[in-house]
Amino acid sequence: PAAYWWCENFGPEANQLLTQHIAQSGLSPTEVALCSYSVYAGIHQSHPLSFCIFSKLLEKLLKPLQTEMILEEDMKLFWEATRKLLPSCFAVIRRIRKKNANEKTVMKQVIEVLKIFNYVMALEPTNIDLFPQNLYPWITFHGDDPNCDIAGTLQDAISKGAGDWLNYLIENNKATAETALARLQNLIQLLQLVRSNLQKAIEFILFDFRHVNFQYAKSLYIFYQAKISTLCEPEVRQICKNLKTLDYSGYDFGNGPVNTDPTVDPLAEGTSLFDLYLTIQRFVTSGQDICPSDYNGFHIKNFHQWFHAGVAQWLDIAVYKALQRIEKAIELDQLVHIDTSVKYSSSAVDTLTIFYQVNTFWQQLNWPNVESCYTFIAKIIDDICRCCIFYAEKMASKVDGMGDIENIYEKKFEVTNEWCLAINNIDYVRETLEPFTNGLGMEEILKKILELKSPVDAQRCRDTLNMVISNAIDTVRNAIIELLQTVVQKMAPSMKRLLIEGAELCNQDNNSIDRLMSYVDRNLETMHRELNKENFNRTLEIVWDMLSQTLDEIIQTNLENRRPPSFFANLQKTLKLMLGAYKDPTDCTSCDSLKRTEQILRINGLETSDLIHEVHLELAKKFDELPESPYGEISFRCKFDGDVLQVEVINARDLAAMDSSGASDSFVRIHLLPEHKFSSIDKPKTKTHNKTLFPLYDETFTINLSPEQREIKDGLVLLSVKDKDMLGYNNQYIGEAFLRFKDIPITSESLSNLPQVKKWLGRPTSFEMDTIKALEHRLGDKQAKEFLKKFKQRLAS
């Protein structure tokens, strides 16, 4: 019959012959079984029989051999037969891997062999050399006593079989080339075959080995983890040591990163290294289930240390692949709303998905070294920031040129829906940064650092990561602002033309103003509709700054060209018209630079006489804020009674000494301002009080005004204190004080009943006033020149 097939099936004649022989010899069932066992074991050496014969015979013999008094010759016969049988049994164990574990016949063989082991081990052989060295050169038993350790030999058989099989794999699956990439791929293939074999051991054989109280999968795993460590560690460490730093500064996505060695593909090499890492990681993870008690003693447990130098390149590869996918996502983006409920398009969502693919990579890495984890997380955050910037740049490039209109009549820029979506997209991507970083497991890492080290170390790491995140968010926010600035800069020429034409043509019938106003309104309407609220407000801030800078240039140029005040007044009107186009004009006035620019326009748009009065108003405000003065203090009373102004000049104190004697010959002159509106009114003055710094003037003046003069909005009373020159031609200026019409009480009561008004005397301190600078640009204006001359005389020395 075929090998391993015969199962003690005799023909009728043979069975009759055996029955007669047993009866004539008076053999007991035990003796019959023992004889059969011995004879079949001898035949089995040259012609293999089915193992089920021996397992059945051993089942019959087990109890008698354990309980009956068996002759020494019979026991010797049994163990001699067993010694003949066992080599083929162990051969089956060693050859398990070379068969398909799903074949029923193979599985049946394994089951019967394990039963044989179980029965033999139950008999507890002693002083019997079951495993002579000449038949079992692969066993590890080296003692002087006879070797009858079935469990130990079984372990050796499994290891030997696994080793033979692994050597077979290595010999028949050699690397296709001597490159690092080929060696990595070869290791991955070998490991996958080993894992597959281990999985079969768990799924198909584990249960059966329990018959002999033997953990087959554990034995295999212990053997494989040692071999894999020996095989992989030196190779991995060498490859990681020789890894090239990837340079993406000039990357071309069609050709990969910049690479100085054409024989090396850094992307493929790094990717294969990571695949090997994951393959070993899965193998190590399975070891925790198979060998929970022995796991911590395995060398392979710390396999991540072999790959440490490769992590940085993996992160670079991850960001490179992310950049590739982002570029493709932008290329496919039609720049239309995903749906009516959101204000961004497909590439923004795709980019967020790509970021979480990077997160998945980090989770797959499952790096156990806590101390270096936060460094890797910081790099990931920095890389994601880099992806955000890349997205912003590519999105800006995609919309560049959209909205540019040029024909024979004009060249202008129209804000398009695509521009607004591009801006919103970038902002949407920016908003994902912080939630993304939370998903990297920062808090868990920081907790572990706190447990391993100290609160100070944990806080330092937290501060480092927070700084990286904050810098990343700020960098992307700046990219958004740059794009918004690009939009505003494209609008700037048309808006500048609007302002200049408005200043030139504001009081004329000309449709260019309406046309340009329509342009501003149309573009702002698009931005208000398409941009999210935050980006629209940012845009307005940039518009205000742009308008302020543009106006400063226009103002400076036209001041140098000595344009009349009407030009600046018209420019201010045009600016107000433009600001009126915005949805919330109050936002305009909150911009400090624009407010100042508008103030400069207002000042330069005033006629010279009004501008001079603006100087006096500014001085009045400054003098009211004086805490004290070296020029003295003046006391007076004022009141309005109908259209009559009464002024009582009472006295002065601590006047500045103007004579060499240390005294002054002072008097007070009363001016009503603005001067050009009170030209018909005399300027009364007090008597001169000689040689004193504490003059008692005690004089009252009545000034009759017209109803129009009485109602002048910003009217001022100016009390000018002077030191009289001996000849009266060159009176010296001591100081002055102002009182606003609006602060003068309206009453018919006597002046003497009113409280005194005390004010410090002041002097102008500088020409650095916007109003004075405006007057300085009116060099051809006689009134301005005359005022500036007198103003210089009034300056504090």
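Residue numbering for the sequence shown follows the numbering used here, beginning at 593 and increasing consecutively. By construction, the Cβ of each residue, glycine as well, lies at the ideal position given by its N, Cα and C atoms.
Residue i, buried or exposed, once every other Cβ within 10 Å from all chains shown has been counted against 16
i: Q949; result: exposed
i: N789; result: buried
i: Q777; result: buried
i: E602; result: The sequence shown places Phe at residue 602, not Glu. It is exposed - the Cβ of F602 has fewer than 16 other Cβ atoms within 10 Å.
i: K1213; result: exposed
i: G889; result: exposed
i: D908; result: buried
i: F799; result: Because the pLDDT at F799 is just 47, under 50, the model does not fix this residue reliably, and the point stays unresolved.
i: Q955; result: exposed
i: L758; result: buried
i: G846; result: In this prediction, G846 scores a pLDDT of 47, lower than 50, which makes its location untrustworthy; the coordinate-derived value is nonetheless stated afterwards. G846 comes out exposed.
i: P604; result: exposed
i: W906; result: buried
i: K1384; result: exposed
i: L1387; result: exposed
i: Y912; result: buried
For residue i, the residue or residues it bridges with in DSSP
i: D996; result: F1005
i: A1329; result: L1311
i: A1244; result: I1226
i: V1349; result: F1228
i: E1291; result: V1241
i: H1281; result: S1258
i: Q1324; result: D1315
i: I1037; result: Paired residue(s): none; I1037 is not in a bridge.
i: G879; result: According to DSSP, G879 bridges with nothing at all.
i: G1354; result: E1328
i: I1338; result: F1232
Backbone secondary structure at residue i - three-state DSSP
i: P604; result: helix
i: L1387; result: coil
i: H1120; result: helix
i: K792; result: helix
i: R1261; result: strand
i: L798; result: Low local confidence applies: a pLDDT of 49 at L798 is under 50, so the model's placement there is unreliable, with the coordinate-based value given in what follows. Helix.
i: L626; result: helix
i: I780; result: helix
i: Q725; result: coil
i: N1296; result: strand
i: V1236; result: strand
i: G618; result: coil
i: I814; result: helix
i: V934; result: coil
Beta-carbon proximity of residue i to residue j, cut-off 7 Å
i: Y813; j: I882; result: yes
i: I1146; j: L1075; result: no
i: L1353; j: G1327; result: yes
i: S647; j: I708; result: yes
i: I780; j: T871; result: yes
i: G1033; j: N951; result: no
i: G753; j: R686; result: yes
i: A1255; j: K1279; result: no
i: A1248; j: Y1223; result: yes
i: C644; j: C599; result: yes
i: L1297; j: L1209; result: no
i: E1096; j: P1157; result: no
i: S937; j: L927; result: yes
i: S1340; j: D1233; result: yes
i: R829; j: W898; result: yes
i: A921; j: V1021; result: no
i: V1313; j: V1260; result: yes
i: I831; j: A772; result: yes
i: I1242; j: A1329; result: no
i: F1159; j: M1083; result: no
i: L835; j: C1012; result: no
i: I1336; j: C1230; result: yes
Residue-chain proximity (residue i, chain C), Cβ-Cβ < 7 Å
i: F1359; result: Protein chains in the displayed structure number just one, and chain C is not present.
### the region 1161–1171 touching the region 1210–1218, judged by at least three CB pairs closer than 8 Å
Taking 8 Å as the limit for Cβ pairs, the verdict is that the region 1210–1218 does not touch the region 1161–1171.
### Stretch-stretch touch, CB-based, cutoff 8 Å, three pairs: the region 664–674 with the region 716–725
yes
### Query
With contact counted as at least three CB pairs below 8 Å, one residue from each stretch, are the region 965–983 and the region 998–1007 in contact?
no
#### Entry: Three or more C-beta pairs below 8 Å linking the region 1025–1037 and the region 1062–1075
As far as the Cβ criterion goes, the region 1025–1037 touches the region 1062–1075, which means the pair count is three or higher.
### Query
So, do the region 1257–1270 and the region 1295–1305 have three or more beta carbon pairs nearer to each other than 8 Å?
yes
### Query
Between the region 858–865 and the region 923–934, do three or more beta carbon pairs fall short of 8 Å?
Put simply, the region 858–865 does not touch the region 923–934. Fewer than three CB pairs are less than 8 Å apart.
### Task
State whether the region 1078–1088 contacts the region 1131–1138, with contact taken as three or more CB pairs (one from each stretch) at a distance under 8 Å.
Because the criterion of three Cβ pairs below 8 Å is met, the region 1078–1088 and the region 1131–1138 touch.
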